[in-house]
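S.K.: Here the sequence shown is numbered in our numbering, starting from 56 and rising by one per residue. Idealized CB from N, CA, C, for every residue including glycine.
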Amino acid sequence: MTDTWLETLITDTPQAGFELAITLSRRGVKYTQPDPAMLKKLRPEYADSADGLTAASHVIAVNFQTVAAANNYWRR
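1. Along the chain, which unbroken stretches of the alpha helix (DSSP H) at least 4 residues long are found entirely within the region 76 to 121?
2. Could you compute how far the alpha carbon of residue 121 sits from the alpha carbon of residue 64?
3. Let me know the secondary structure DSSP gives residue 126 once reduced to three states.
4. Just the Cα atoms here: how many angstroms apart are residue 98 and residue 123?
Right, here's the structure in full:
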């Protein structure tokens, strides 16, 4: 992927920061597995898995922690 899509981690609100964290997480998967057919094939394996969903939530939380640090959210 050569497109530049992430200009900054700075967001106007914590909600926008959380949405950016989700985007970062999804983009990470897309970079790791660029074949959409394979992603679709694998989705049933984790979509119904409590462990898989917990792992996905963890990745989003880590990305949100990064965005929150960039925005100094906890100081407001």
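M.R.: Looking at the atomic coordinates:
1. 91 to 102
2. 8 Å
3. In this structure, residue 126 counts as helix in the three-state DSSP scheme.
4. Using only the alpha carbons, I get a separation of about 29 Å.
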